[in-house]
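If you read the sequences in order, they're chains A and B.
Take the first sequence: its position 218, counting from 1, is numbered 218 in this note's numbering, and each next residue is one higher.
Take the second sequence: its position 237, counting from 1, is numbered 1237 in this note's numbering, and each next residue is one higher.
Built from N, CA and C at the ideal position, the CB exists for glycine as well.
For reference, the structure discussed in these notes is given below.
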Amino acid sequence: MTDDIPVLELRGITKRFPGILANDHVDFDLRDGEVHALLGENGAGKSTLMNILYGLYRHDEGEILLHGKPAEIDSPHAAIAAGIGMVHQHFMLIPVMTVAENIVLAAEPKTSGVLLDIGEAERRVRELAERFKFHIDPRARVQDITVGQQQRVEILKALYRNADILILDEPTAVLTPQEAIELFEILKELVAQGMSVIFISHKLNEVLEIADRITVLRRGKKVDTIAREGATEEGLARMMVGREVLLRVDKRPSQPGEPLLHVDGLQVIDDRGLEAVRGISFDVRAGEIVAIAGVDGNGQTELIDALTGLRHPSQGTIVVGGRELTRASAHEFLQEGVGHIPEDRHRRGLVLEFSLAENLVLHDYAKRPYARKGFLNPGRIVDSARTLLREFDVRGGGPATRASALSGGNQQKVVIAREVARDPRVLIAAQPTRGLDVGAIEFVHRRLVEQRDAGKAVLLVSLELEEVLSLADRILVIYEGAIAGEFGPSATEEELGIAMTGGKVAA
Amino acid sequence: MTEPPQDAPQNEPLGEKPDAYAPSVAERLAFYQRAGGVITPLITVILAFFAGGMVVLATGHNPVKTYKAVWEGTGLQWFFQFGHHHIDIPFTNHQVFFWWDTNANLLAPYNLQQTLILTTTLILTGLAVGFAFRCGLFNIGGQGQYISGAIVSVWVGSSWAHMSQGLHVFLAIALAMLAGAGIAAVAGFLKATVGAHEVITTIMLNWIAYWVGSFLFGRGGPLQNPGQGGSVPISNDVTPSGKLPTFWGNPDLQALHVGLFIALGALVVFWLMLNRTTLGYQVRAVGFNPEAARYGGINVARNYVYAMAISGAFAGLGGAIDILGWQYRLGVLDIQVSNIGFIGIAVALLGRNTAVGVGLAALLFGALVNGTSTRGLDPSVFPPQLAGNLTLMIQALVLLFVGADVLVLYLWQARRWIGLGPKAPPSPQPETVA
């Protein structure tokens, strides 16, 4: 279906922000009926470019051509009128309204010119959903449907406004692996029906799976545009980061020692009073990485909470280094040498309003040398922070910088610096690379293997199978709060995938 | 996921004209927090005074003249009246040169003393709200904690007349702080154990203190002064040994007492406690992000109790200082008309819960309350019966504008459109370590 004239062409787009050149003469073109991925690290200028296209920003130089003709897009309204739809990373939906109401918002079908024709709205939405093979109930309230379905509502919103160019900004960041697969099915269907899609991402595997062509941005500049055929993850990573990146962690076979974390028959109740962890038993030995793989919401969060003293188990025992800590407090777990990289660094891992120095002593603020007799020693706290920030290559601020001022990757480095510097015996890492780009992921993975090699027991809880497979020495699959199978490091994604969805597999 | 500013415009409201520099919401808030330290409270106050002036104008009076009279009523102009004067060095017969005339019989120094007496108490009730705020708690109970402190100090101060002065004052103050801490800790305890919201419980505790006081000093109450046939609902007087020393002015006419230095000391203690102790670290961590504090091994529930108790101790100290410093007795009427604990909320909000801010805001409100009092304000300029309302109005407007701080920020940024200020917000400056 390719045409000679691209549906969309950006020529020499330049955008300056105070102190930053966000886009530097970027060229980009979108052909009819293709998925064109825009790949780059956080801060590479992907979102800026797309916000210019969507009329949220005005470019300083360059031009935008639609179907070969210069176009003036100075507002989102103009973008929508030109057939451009955008699905933002953060959805712009009204939770208490229904799917159909959200979709027709600001372009409602009316009866007698004033009244909302809700029946007609639902009919049109249903028709649209059927045409593109979406499974969605127009009458459901947005607050009651899953994140994946909300994303489909956003896509339908664009389709309802007759978009033929769809921009998706990091669409899989909020999705479970299953939902991501469903999204790809939908995108294939859209392209088959003549839509053109710009897919913004920093995840290499999904770009290779869905895109026809890939444009890589680095520090505001276009590196290259390549076809999917022949592209490799390694090559893309090099283009993105500008240096060689190790995607598969280089590690020696593990030499496990004595068990440092022993869990037996653990049962944990979640906030709704339901049993989220149903009798889990396992050991993590010194010098090995044990991964817990599973689809989100199968009891991982509650398991981690119990293993760090943030939630008391209803039954079972937890032993750390020979000491039973089943109903101990978070403080006691920390004192016994349990390090914890939490799954949500904003909610839990960092006090965003605190300085980096203050965040780095979140566990040990009351201990020497950071405090004596109840009084803090700010000099020591800042000194130690300076050392750690250098050692862990945290960029974007010094000890006095607020944690909220850092990028996600650097924030995660701060969390890891804190947990690793405490020299824990057991390190629990919950989704340690969520939202990070390849350079930062490599950093995190290397640190976790280092900890393993230093004789720590590392428990990795991750939703990313790739991460699990590249790091783990043993893999436990969790399904509905129980262990559904144990695998060695050479397990395949298929094996794990079956266990993750409840198909029992012999260990 | 947080991205650097150049890549994070997703939160931008749709439809905004992109021709100007358009910072994201997060950027705006960050800028606001940096600038807000000094600028927004200032704008807040200016706006409140401006609106107050409009009302004065609407009543047919001259706002400029009125504000000038208020200013004179505060006694603050005393600082600008330089001359060649002398000051006595206490406990000696020596005098040294001083720029200001300290003769307390003049109007300006007298007004200033009254302003500072009010400032003293407002610092303490402001700190009571501010400390809890730093732990994420909204302490509306400053009034009740203040009354508790006043009740206990008047009881201690009017008993045990034969104690030495230092010990008597110390005991009265210590027990008053304990009383304030105790009543506030109840709210903290309820929050920590059953999750009862501190706003509700502190309001209820205010009424408990109010009625307990009314009962104790009311007619036939256990602490009522039996003199005058028991007809006046008032306490016994504080004995001379229980009084705080005064250092400026005539003690019979409410002289300035050393409580001012206690309050200034409390500001230092507040800052030290928050920024230099492990307890303060915990309190701030809980205030900013209780979940992260819990993850860090901090006992969140316990900190709610501690923070409330410390807050209550500040307010209780305020009550004690008022009683021992100039009031010397406590009547049912005093308890029922007092609102100094509530003004403390405005002080803390305007002062952004920092030591310096609370000190300055307390001075502002102390001056305002005194300057618009019937005694301070010249009736020929503005009717005194309206003046008290002017105070309340400015106070309410300050609260309103503090609540609407984003609006204030918006106005601050608007100066760009009228050709003032920089074209874009300044680049982020590293904050000093707290």
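Could you compute how far the alpha carbon of residue i sits from the alpha carbon of residue j?
i	j	result
A:I13	A:S355	37 angstroms
A:E63	A:A227	24 angstroms
B:L1368	B:T1391	6 angstroms
B:S1164	B:S1241	6 angstroms
A:V290	A:L307	14 angstroms
B:A1022	B:L1244	Residue confidence is low: B:A1022 scores 42 on pLDDT, short of 50, so the model does not pin down where it sits. Its coordinate-derived value is still stated next. If you take the alpha carbons of B:A1022 and B:L1244, they lie about 57 angstroms apart.
A:N298	A:I214	35 angstroms
A:S384	A:V426	22 angstroms
B:A1030	A:V394	Low per-residue confidence applies at B:A1030: pLDDT is 48, beneath 50, and the placement is therefore not dependable enough to give any value.
B:I1335	B:I1147	7 angstroms
A:L65	A:M50	14 angstroms
A:A457	A:G349	20 angstroms
B:S1151	B:S1158	According to the sequence as given, residue 1151 of chain B is Ile; it is not Ser. Going from the Cα of B:I1151 to the Cα of B:S1158 covers about 11 angstroms.
A:I417	A:V444	In the sequence under discussion, the amino acid at residue 417 of chain A is Ala, which differs from the Ile named in the question. Distance between the alpha carbons of A:A417 and A:V444 is about 10 angstroms.
B:G1221	B:L1350	39 angstroms
B:V1305	B:L1260	28 angstroms
B:V1283	A:G374	13 angstroms
A:T172	A:A180	6 angstroms
A:D29	A:G113	40 angstroms
A:Q255	A:L56	54 angstroms
A:D271	A:Q300	14 angstroms
A:V99	A:L168	19 angstroms
A:K221	A:E61	14 angstroms
B:K1065	B:G1052	13 angstroms
A:N508	A:R402	Since the first and last residues shown for chain A are 1 and 507, residue 508 of chain A lies out of range.
DSSP three-state call for residue i: helix, strand or coil?
i	result
A:G316	strand
B:W1155	helix
B:Y1067	helix
A:H259	What sits at residue 259 of chain A in the sequence shown is Pro, not His. A:P259 falls in the strand class under three-state DSSP.
A:F17	strand
A:R447	helix
A:R402	strand
B:A1307	helix
A:P70	strand
A:Q431	coil
B:A1255	coil
B:F1215	helix
A:S470	helix
A:V26	strand
A:K203	coil
A:E515	Outside the modelled stretch of chain A, which goes from 1 to 507, sits residue 515 of chain A, for which no answer is possible.
B:G1052	helix
B:W1326	helix
B:A1058	helix
A:G12	strand
Could you tell me which chain A residues have their CB closer than 9 angstroms to the CB of residue i, listed as they occur along the chain?
i	result
B:N1225	Per Cβ cutoff of 9 angstroms: no residues; B:N1225 is ~43 angstroms from chain A at best.
B:F1170	Under the 9 angstroms cutoff, chain A gives no residues; its nearest Cβ is about 23 angstroms from B:F1170.
B:F1289	In the sequence on display, residue 1289 of chain B carries Asn and not Phe. Correct list: H346, R347, R348, L350, V351, L352, E353 and F354.
Cβ closer than 9 angstroms: which chain B residues qualify as neighbours of residue i?
i	result
A:G349	A1292 and Y1295
A:Y160	The premise fails here: A:Y160 is roughly 16 angstroms from chain B at the closest Cβ pair, so nothing lies under 9 angstroms.
A:A163	Per Cβ cutoff of 9 angstroms: no residues; A:A163 is ~15 angstroms from chain B at best.
A:L156	Ordered by position in chain B, no residue passes the 9 angstroms Cβ test against A:L156, which lies about 17 angstroms from the chain.
A:L334	G1296 and G1297
Could you tell me which chain B residues have their CB closer than 8 angstroms to the CB of residue i, listed as they occur along the chain?
i	result
A:H524	Past the edges of chain A, shown from 1 to 507, lies residue 524 of chain A, and the structure says nothing about it.
A:P342	Y1295
A:Y479	None at all; the shortest Cβ gap to chain B is about 27 angstroms.
Strictly below 7 angstroms CB to CB, what residues from chain B border residue i?
i	result
A:A330	R1294, Y1295 and G1297
A:H363	G1296 and G1297
>> Residues of the region 1267–1286 of chain B in Cβ contact with chain A at a cutoff of 7 angstroms, in chain order, please.
In response: Flagged, chain order: R1276, T1277, T1278, L1279, Y1281 and A1285.
> If contact means a Cβ-Cβ distance below 7 angstroms, which residues of the region 370–386 of chain A contact chain B?
Replying inline: A371, G374, F375, L376, P378 and V382
> What residue ranges within the region 1115–1199 of chain B form continuous alpha helix (DSSP H) runs of no fewer than 4 residues, ordered along the chain?
Replying inline: 1142–1158 and 1165–1194
> Between the region 1295–1316 of chain B and chain A, which residues of the former have CB atoms less than 9 angstroms from a CB of the latter, in chain order?
Replying inline: Y1295, G1296, G1297, I1298 and N1299
> Which runs of the beta strand (DSSP E) spanning at least 3 residues fall entirely within the region 336–398 of chain A, listed in chain order?
Replying inline: 338–341
> Listed from N- to C-terminal order along the chain, which residues in the region 294–311 of chain A have their beta-carbon within a distance smaller than 7 angstroms of any beta-carbon of chain B?
Replying inline: L310
> Can you list the alpha helix (DSSP H) stretches of 4 or more residues lying completely in the region 209–265 of chain A, in chain order?
Replying inline: 233–241
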